[in-house]
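K.L.:
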Amino acid sequence: MDKSKNKSNTARRSLPGDIEVRNGMEVHCIGLENIPVTNAELEVLETYASDLIRILVAEHMNKQRE
Numbered sequence: 021m022d023k024s025k026n027k028s029n030t031a032r033r034s035l036p037g038d039i040e041v042r043n044g045m046e047v048h049c050i051g052l053e054n055i056p057v058t059n060a061e062l063e064v065l066e067t068y069a070s071d072l073i074r075i076l077v078a079e080h081m082n083k084q085r086e
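Residue numbering for the sequence shown follows the numbering used here, beginning at 21 and increasing consecutively.
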């Protein structure tokens, strides 16, 4: 079983906001503006967020070592 896929599905289920169907496609409405985001776009956003968190943690740890 692919754990990364399971994590992203869990994140989608717990994502705050509404889920709507637009043009036959399920979209998640996120943020203050309720921006419509498709599952594919959401997966890309989750990947970038995960990468950004890893970078920020690494930078923080490097600063603490200095």
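C-beta atoms are modelled at their ideal positions from N, C-alpha and C, and glycine is treated no differently.
1. List the residues that DSSP assigns as beta-bridge partners of residue 67.
2. Would you kindly work out how many angstroms separate the C-alpha atoms of residue 73 and residue 61, rounded to a whole number?
3. Are the CB atoms of residue 57 and residue 65 nearer to each other than 8 Å?
P.N.:
Per the coordinate set shown:
1. Partner(s): none; residue 67 has no beta bridge.
2. 18 Å
3. yes
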